[in-house]
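Chemist: Provided herewith is a single structure, encoded as structure tokens, for subsequent inquiry.
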Amino acid sequence: MSETRRNQSNNERRIDNSENQHRRVVIENSHGEKLVGVLQDTGSTETVVICHGFQSSKDRIPMRTIANVFERAKITTFRFDFAGNGESQGSFQYGNYRREVEDLRSVLQHLRGENREISAIIGHSKGGNVVLLYAAKYKDVEIVVNISGRFFLERGIEGRLGKDYLKRIKENGCIDVRNRKAGKFEYRVTEESLVDRLTTNTHEACLSIHENCRVLTVHGSNDRIVSVTEAYEFAKYIKNHKLCLIEGADHEFTSHQHQLASTVLSFFKSDLKKADDGDDEGDISTSNRDSMRSAIPITSRI
């Protein structure tokens, strides 16, 4: 066999092996809905779970990029679609933070039932809020990563629902959101789902996260959807917290995918080392310190 053919064969074998490690997994949530996810199995039972944001899916950035970077580091990941999103069953609902926490609970219980140890939970945007709310309620995870999460949930509503949304939803019982360019129906916001968002208390959740749970917040300085100023609020109230700002990055880190993924991976690896060494301090910034000092800006090279 020629050298060229041999290299081509080896490359194809590596691709096949990679595809074999990516296994579609279906998990039933507490409402009987089937949640669809992808397990990128590296052979390690330690597993990191990745959660997507609002109207997103397991297959979008940055979820897929993070999973692939962790896979190259020989760390198993599981990324899944919340109910009503992506391939999962159920209808999409606005708000829905508490129910998505329970979806995450069902996923973690299933994975633990397969003798997998949950090493960390990672969430982007709304998923960042979900992983923090989960940690506050269940206190059974030691590493949490909040990417572009929103601290003030009362913000950002007018941008999606328009002005006087409270008055209109009281009068009509719901608001139908349409794509501004295409004019197509996207989803319905009920009064119940709006109240769910407005009564979800991020501040209280941050204070309830146990000090043994290490939390990383990553935010882009050029985020036009959730202001970078909200990232500092998490640093104020979470006991064991580190804040990293990526200079020039937008909400989805569109041009900063690998910077984001490597930042998350570095935090994960360094925190595992600290846990093994029994070092609770290290370079973890806590809310007792000046929140501005806890920020580590990362300058883009792209």
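Converting from the sequence shown to our numbering requires adding 28 to each position, the first position being numbered 1.
All C-beta atoms in this analysis are idealised placements derived from N, C-alpha and C, irrespective of residue type, glycine included.
A quick note: this is a predicted structure, and the numbers were derived from the prediction, not measured.
Tell me which same chain residues have a C-beta within less than 6 Å of the C-beta of Val256, skipping the five on either side of it?
Modeler: Result list for Val256: His247, Ser249, in chain order.
Chemist: Among Thr291, Arg144, Lys191, which one has its Cα closest to the Cα of Leu67?
Modeler: Ranking Thr291, Arg144, Lys191 by Cα distance to Leu67 puts Arg144 first.
Chemist: Distance, Cα to Cα, Lys154 vs Gly177?
Modeler: Those two C-alpha atoms are separated by around 6 Å.
Chemist: Are the beta-carbon atoms of Val205 and Val217 separated by less than 8 Å?
Modeler: Contact flag set, yes.
Chemist: Classify Lys86: buried if its beta carbon has 16 or more other beta carbons within 10 angstroms, exposed otherwise.
Modeler: The residue is buried, with at least 16 neighbouring Cβ atoms inside 10 Å.
Chemist: Got a sec? Which residues, its chain only, sit under 6 Å from Glu61 by beta carbon, not counting five neighbours each side?
Modeler: Same-chain partners within the cutoff: Ala111, Gln117, Gly118.
Chemist: Pull up the CB-CB distance for Phe108 and Val76, whole angstroms please, since I reckon it's below 8 Å.
Modeler: About 12 Å separates the two Cβ atoms, so there is no contact after all.
Chemist: Kindly indicate which three-state DSSP category Thr327 falls into: helix, strand or coil?
Modeler: Residue placement at Thr327 is flagged as unreliable, the pLDDT there being 44, under the threshold of 50; the coordinate-derived value follows with that caveat. Thr327 falls in the coil class under three-state DSSP.
Chemist: Taking only three categories from DSSP, how would you classify Asn113?
Modeler: Three-state DSSP puts Asn113 in coil, outside helix and strand.
Chemist: Rounded to a whole number of angstroms, what is the C-alpha to C-alpha distance between Val158 and Glu275?
Modeler: Each residue's alpha carbon lies about 25 Å from the other.
Chemist: Going by DSSP, what residue range makes up the beta strand (DSSP E) through Leu63?
Modeler: 62-68 is the span of the beta strand (DSSP E), which, as asked, contains Leu63.
Chemist: Assign Asn157 to one of three DSSP states: helix, strand, or coil.
Modeler: Helix, per DSSP.
Chemist: Can you round the beta-carbon distance between Leu293 and Ala101 to whole angstroms, since I take them to be within the 8 Å contact cut?
Modeler: Leu293 to Ala101, Cβ: 6 Å. Contact.
Chemist: Does Ile89 come out as helix, strand or coil in the three-state DSSP assignment?
Modeler: Coil, per DSSP.
Chemist: Please classify Ser147 as buried or exposed, where buried requires at least 16 neighbouring CB atoms within 10 angstroms.
Modeler: That one is buried.
Chemist: Just the Cα atoms here: how many angstroms apart are Ile78 and Arg140?
Modeler: Their Cα atoms are separated by approximately 15 Å.
Chemist: Throw me the rounded Cβ distance for the Ile175 and His138 pair, which I believe falls under 8 Å.
Modeler: With 8 Å as the limit, Ile175 and His138 do not qualify as a contact, their Cβ atoms being about 23 Å apart.
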